[in-house]
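Trainee: Residue numbers (our numbering): 82 to 371.
Let me give you the structure first, and then I'll get to my questions.
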């Protein structure tokens, strides 16, 4: 039997769309065991692994405050997103995360980060988020270049995987996942363009020129991954789920109403694909249908 991968793009607060898709998967009884998450995609995925339906939506509705996302955070910590608040205080005290369920789940989450030493993607499978090392890798995948501090873990200096591998379809195929479901947070037809500020990463990271080069050329890697994903879909080896309506929640969105609406679009889009999804995953080796 063929194996399948679930690939989750990042995009900051656009990830509210992905949260809706993943809750729809739980309602449809689709439990994919090989999950590859980038940035917000990974952050949303942990509640899918722990099967805490609605947990991400509750966070978007109740926890988006100055501690979560603000210029105040940036000036006081170096990161717009408050990593300690998001990944520690929220998960442990405010919207409790089921650490044991995550640890004992058949689902395995691999997070994508970018290694500052060479500018290449660095992949790490998480096994226990009660282990601070694993939690640091989760923080690293969400550490947006220029907008966050560098995360140091296991001797590595890491940041957001979206810089080097926003849509890890090639990585999933290399893992011999012949089938893939790819959740994107951009509408059909979107292509990244070269930034007018493509020189700035070299100024911001003068000691890490290969990393700066990766950031400056992210648009190339992103567009290539979209091309591969769409080719796989045409050949019947992939399903792409992406917003059917214009994006209403941007990368730094703080309006709970917009985030909830974006979540609902993701949920509805996945539910509209119910028959296709269930047919696609039927009989796959590492997908459980309940």
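Heads up, the beta-carbon is just placed ideally off N, CA and C, and yes, glycines get one too.
All of these numbers come straight from a predicted model, not from anything done at the bench.
#1: Counting pairs of Cβ atoms below 8 Å between the region 142-156 and the region 201-220, do you hit three or more?
#2: Should the region 112-128 be called in touch with the region 284-296, which here means at least 3 C-beta pairs below 8 Å?
#3: If you measure between the beta carbons of residue 343 and residue 329, is that distance less than 8 Å?
#4: Quick check: the Cα distance between residue 374 and residue 266, rounded to an integer number of angstroms?
#5: Quick one: Cα of residue 130 to Cα of residue 223, how far?
#6: Are the CB atoms of residue 250 and residue 111 nearer to each other than 8 Å?
#7: If you measure between the beta carbons of residue 366 and residue 83, is that distance less than 8 Å?
#8: Verify whether the separation of the beta carbon atoms of residue 194 and residue 221 is less than 8 Å.
#9: By alpha-carbon positions, which one of 332, 355 and 262 ends up nearest to residue 320?
#10: Leaving aside the five residues before and after residue 202 along the sequence, list all residues of the same chain whose C-beta is less than 8 Å from its C-beta, in chain order.
#11: Taking just the CA atoms, how far does residue 308 sit from residue 315?
#12: What residues in its chain sit with their C-beta under 6 Å from that of residue 178, if we drop five residues either side in the sequence?
#13: Would you call residue 232 buried or exposed, if buried means 16 or more other Cβ atoms sit within 10 Å of its Cβ?
#14: Reducing DSSP to helix, strand and coil, say where residue 86 ends up.
#15: Let me check understanding here. Comparing Cα to Cα, which of 125, 167 and 324 lies closest to residue 137?
#16: For residue 347 and residue 236, what's the separation of their Cα atoms in angstroms?
#17: DSSP on residue 113, reduced to helix/strand/coil?
#18: Let's test the definition: count the other Cβ atoms within 10 Å of the Cβ of residue 350 and tell me whether it reaches 16, buried, or not, exposed.
#19: In whole angstroms, what is the alpha-carbon distance linking residue 204 and residue 217?
#20: State the DSSP-derived secondary structure class of residue 149, mapped to helix, strand or coil.
#21: Within 10 angstroms of the Cβ of residue 370, are there 16 or more other Cβ atoms? Answer buried if so, exposed if not.
#22: Smallest Cα separation from residue 240: which of 135, 317 and 164?
#23: Report the option in 356, 345 and 357 whose CA atom is closest to the CA atom of residue 139.
#24: Could you tell me which residues DSSP pairs with residue 202 in its beta bridges?
#25: Would residue 147 and residue 331 be called neighbours here (beta carbons separated by less than 8 Å)?
#26: Measuring alpha carbon to alpha carbon, tell me which residue in 334, 306, 103 and 114 is nearest residue 206.
Mentor: Looking at the atomic coordinates:
#1: no
#2: no
#3: On the chain shown, position 262 is the one that residue 343 refers to. On the chain shown, position 248 is the one that residue 329 refers to. Yes, these two residues count as a Cβ contact at 8 Å.
#4: The shown model of the chain, from 82 to 371, leaves out residue 374, and the question about it has no answer.
#5: Start at 1 with the first residue of the chain shown, and residue 130 comes out as number 49. Start at 1 with the first residue of the chain shown, and residue 223 comes out as number 142. Whole-angstrom Cα-Cα distance: 18 Å.
#6: By 1-based counting over the chain shown, the position of residue 250 is 169. By 1-based counting over the chain shown, the position of residue 111 is 30. Not in contact: residue 250 and residue 111 (Cβ atoms no closer than 8 Å).
#7: To locate residue 366, count along the chain shown from 1; it is residue 285. To locate residue 83, count along the chain shown from 1; it is residue 2. A contact, by the Cβ cut-off of 8 Å.
#8: By one-based count along the chain shown, residue 194 stands at place 113. By one-based count along the chain shown, residue 221 stands at place 140. Cβ distance < 8 Å, so residue 194 and residue 221 count as in contact.
#9: If you number the chain shown from 1, residue 320 lands on position 239. Residue 320 has its Cα closest to that of 262, out of 332, 355 and 262.
#10: Start at 1 with the first residue of the chain shown, and residue 202 comes out as number 121. Excluding residues within five positions, the ones whose Cβ falls inside 8 Å are 193, 194, 195, 196, 242, 245, 246, 249 and 252.
#11: On the chain shown, residue 315 is found 234 positions in, with the first residue counted as 1. On the chain shown, residue 308 is found 227 positions in, with the first residue counted as 1. Straight-line Cα distance between these residues: approximately 11 Å.
#12: What you label residue 178 is simply residue 97 of the chain shown in a count that begins at 1. Counting only Cβ-Cβ distances below 6 Å, and skipping sequence neighbours, we find 172.
#13: For the purposes of this step, residue 232 is taken as the residue at position 151 of the chain shown. Buried is the call here.
#14: In the chain shown, residue 86 corresponds to position 5, counting from 1. Reduced to three states, the DSSP call for residue 86 is strand.
#15: Position 56 of the chain shown, counted from the first residue, corresponds to residue 137. Taking only the C-alpha atoms, the option nearest residue 137 is 125.
#16: For this step, residue 347 is matched to residue 266 along the chain shown. For this step, residue 236 is matched to residue 155 along the chain shown. Straight-line Cα distance between these residues: approximately 37 Å.
#17: Numbered from its first residue, the chain shown carries residue 113 at position 32. Strand.
#18: Numbered from 1 along the chain shown, position 269 holds the residue referred to as residue 350. Classification for residue 350: buried.
#19: Here residue 204 refers to the residue found at position 123 of the chain shown. Here residue 217 refers to the residue found at position 136 of the chain shown. Distance between the alpha carbons of residue 204 and residue 217 is about 13 Å.
#20: On the chain shown, position 68 is the one that residue 149 refers to. Coil, per DSSP.
#21: Position 289 of the chain shown, counted from the start, is the residue given in the question as residue 370. Looking at its Cβ environment, which holds fewer than 16 other Cβ atoms inside 10 Å, residue 370 is exposed.
#22: Within the chain shown, the letter at position 159 stands for residue 240. Of 135, 317 and 164, the residue nearest in Cα terms is 164.
#23: Residue mapping note: residue 139 aligns to position 58 of the chain shown, counting from 1. Considering only alpha carbons, the answer is 345.
#24: The residue given as residue 202 occupies position 121 in the chain shown. The partner list for residue 202 (beta bridge, DSSP) reads 195.
#25: As a position in the chain shown, residue 147 is number 66, starting the count at 1. As a position in the chain shown, residue 331 is number 250, starting the count at 1. Not a contact, by the Cβ cut-off of 8 Å.
#26: By one-based count along the chain shown, residue 206 stands at place 125. Checking every option, the nearest Cα to that of residue 206 belongs to 114.
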